[in-house]
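> Quick one: this structure, given as structure tokens, is what I'll be asking you about.
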Amino acid sequence: MKTAAQIVSATKEFVRTCTPEEAIKRVKANREHFVVYVRESDEYEKQHLKGSINVPRGVLEWKISSVCSDVDAPIIVHCASGGRAVLAAKSMTDMGYRDATAVDGSLEDLSAAVQEAD
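Sequential numbering from -16 applies to the sequence shown in the working numbering.
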């Protein structure tokens, strides 16, 4: 049996990842990025990155095309710790999205990177 952490670790080989600092630099350099937060709606309500779009991981495959139908659009995917973001980026890649990148870091690290960049 594999643990969730083992599955996430193995999946990282098949997706593009970036640090929180790199994610913020990419978004600031290209305002066309979609920033997708893949936690559940109640988690999004409690805390999220300003400007992010909530598409819960559990419904990602059904909802992402209504948020972003352009498979070439640059997309930054994040969550609380990076695990769901990696799995979501893999699903999006499998669906044909060519520029889905998972933030390999925590929401706190991403929030700190935003503050440092301002």
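Just so it is clear, CB atoms sit at the ideal spot from N, CA and C, and this is done for glycine as well.
(1) Based on the DSSP secondary-structure assignment, which residues constitute the bridge partners of T76?
(2) Applying the criterion that 16 or more other CB atoms from any shown protein chain within 10 Å of the CB defines a buried residue, is M(-16) buried or exposed?
(3) Between the Cα of V38 and those of I7, A12, R67, P57, spot the shortest distance and give me the residue it belongs to.
(4) With distances taken from CA atoms, which of G41, S52, H16, S48 is nearest S35?
(5) Between the C-alpha atoms of E91 and A56, what's the straight-line distance to the nearest angstrom?
(6) Pull up the DSSP beta-bridge partners for F(-3), would you.
In this structure, then:
(1) Its beta-bridge partners do not exist; DSSP assigns none.
(2) exposed
(3) R67
(4) H16
(5) 25 Å
(6) According to DSSP, which records beta bridges pairwise, F(-3) is partnered with nothing at all.
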